[in-house]
Amino acid sequence: MIRVERKITEKAKKAIESLQKAKSKNNTYNTQEVNVALKEMFHGKCYICENKEITSYQIEHLFSHHEDKDLKYDWSNLFLACAHCNNIKRDKYEPIIDCTKENVDQLIAFRKKGYFGTEEELIFESLDCREETINTQKLLKEVYYGSTPQKKMEAKILRRTLRKEISKFKEYVREYQEAEDEEKEDLKYLLKQQLGDSSPFAAFKRWLIRDNKEAYPELLIYINMQ
Ligand SMILES: [Zn+2]
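FYI, this note's numbering numbers position 115 of the sequence shown as 436, with every residue one higher than the one before it.
Pasting the structure below:
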């Protein structure tokens, strides 16, 4: 989970318009325009797990609307989530950090310790004690590990996707470390993308660099500029 800027783009303007219309007619908030704008804003990623390999997108209300029309049709309350995360969050975890307003990966540390088969563990550490931060930390834990048999199965698939992405990222970092001059510049560009907003599981990747800042001080700039 990372910060995502809620920019007023052309697509967002159309989404807001469609929400106003839907609200006045009591139609669904799940309009074509809203879906298109959310996909653009969240770079096709679920805002909670940061997975991009999603087969089922859902529109998530940061604050559950419970048929409150203002919350239900409010553009700033709508987020793009995968079905797995949306089903887990519901209104069980509320409030959580609003990722359009705060730098989530500066409030929670995202770490993957160990390796597959040898005590692999995902650790989410809250860096402050606010209710929002603690709830987000608990939500992340449930998303990546699940609590029901079905959710545990889904979480396993999610962890597998995360593992693949992190291995790939580590490989790029290793190559970067060993590269020289021109090649180093190319890899730097690649790493910048890997640490950027549209990259899957960016929070984990950023913490890998933060935790090794002595080794790659020049890469920190790509995190701090986000
Ligand atoms: Zn998700």
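Yeah, the Cβ is synthetic: ideal placement off N, Cα and C, and Gly gets one too. Being a predicted model, the structure only gives us computed values, none of them experimental.
Let me make sure I understand the geometry here. Which of the options has the alpha-carbon closest to that of residue i?
| i | options | result |
| --- | --- | --- |
| Arg324 | Ile369, Tyr497, Cys406 and Ser339 | Ile369 |
| Ile478 | Val357, His382, Asp391 and Tyr465 | Tyr465 |
| Pro416 | Asn398, Ser345 and Leu529 | Asn398 |
| Phe525 | Glu442, Lys509 and Ala536 | Glu442 |
| Leu516 | Arg531, Asn533 and Ile544 | Ile544 |
| Glu331 | Val357, Thr349, Thr352 and Met322 | Val357 |
| Asn372 | Ser345, Leu511, Arg531 and Leu483 | Leu483 |
| Glu453 | Ser377, Leu529 and Lys413 | Lys413 |
| Lys335 | Thr376, Glu374, Trp396 and Gly365 | Trp396 |
| Asn407 | Tyr510, Leu359, Ser377 and Glu388 | Ser377 |
| Glu548 | Lys422, Leu428, Lys360 and Ile375 | Shown here, the chain extends from 322 to 547; a query on residue 548 therefore has no answer. |
| Asp532 | Glu354, Lys434 and Glu388 | Lys434 |
| Cys450 | Ile530, Phe400 and Ile418 | Ile418 |
| His405 | Pro470, Glu388 and Ile530 | Pro470 |
Run the CB neighbour count on residue i, radius 10 Å, all protein chains shown included, and call it buried at 16 or more, exposed below.
| i | result |
| --- | --- |
| Asp426 | buried |
| Glu381 | buried |
| Asn347 | exposed |
| Tyr350 | buried |
| Met322 | buried |
| Ile329 | exposed |
| Cys367 | buried |
| Arg527 | buried |
| Phe490 | buried |
| Phe431 | buried |
| Phe400 | buried |
In the DSSP assignment, find the unbroken beta strand (DSSP E) run with residue i in it and report its ends.
| i | result |
| --- | --- |
| Cys403 | Leu399 to Cys403 |
| Ala430 | Ile429 to Tyr436 |
| Ile380 | Tyr378 to His382 |
| Phe551 | A query on residue 551 cannot be resolved here, the shown segment of the chain reaching from 322 to 547 and no further. |
| Ser447 | Thr439 to Ser447 |
Here's a check: name, in chain order, each residue in its chain whose Cβ is nearer than 6 Å to the Cβ of residue i, leaving out the five neighbours to either side.
| i | result |
| --- | --- |
| Glu486 | Pro521 and Phe522 |
| Leu541 | Lys534 |
| Ser519 | His364 |
| Ile337 | Trp396 |
| Ile409 | Glu463 and Val464 |
| Gln458 | Ile429, Phe445 and Ser447 |
| Lys473 | Gly467 |
| Ala333 | Ala358 |
Among residues of its own chain, excluding the 5 on either side of residue i, which ones have a beta-carbon nearer than 8 Å to its beta-carbon?
| i | result |
| --- | --- |
| Phe384 | Leu392, Asn398, Glu415 and Pro416 |
Whole-angstrom Cβ separation of residue i and residue j, contact assumed at under 8 Å?
| i | j | result |
| --- | --- | --- |
| Ala402 | Gln379 | 5 Å |
| Tyr493 | Leu511 | 6 Å |
| Lys509 | Tyr497 | 7 Å |
| Glu326 | Thr421 | 7 Å |
Considering only residues of the same chain and omitting the five flanking positions on each side of residue i, which have a CB-CB separation below 7 Å?
| i | result |
| --- | --- |
| Tyr394 | Leu340, Ala343, Lys344 and Tyr350 |
| Ile455 | Ser447 |
| Ala500 | Leu508 |
Mind checking which residues open and close the alpha helix (DSSP H) that includes residue i?
| i | result |
| --- | --- |
| Thr454 | Glu452 to Tyr466 |
| Asn348 | No alpha helix (DSSP H) holds Asn348; DSSP gives it neither H nor E. |
| Asn533 | That residue, Asn533, is in no alpha helix (DSSP H); it is neither H nor E in DSSP. |
| Asn356 | Gln353 to Met362 |
| Asp507 | Asp502 to Gln515 |
| Tyr543 | Leu541 to Asn545 |
| Asp391 | Lys390 to Lys393 |
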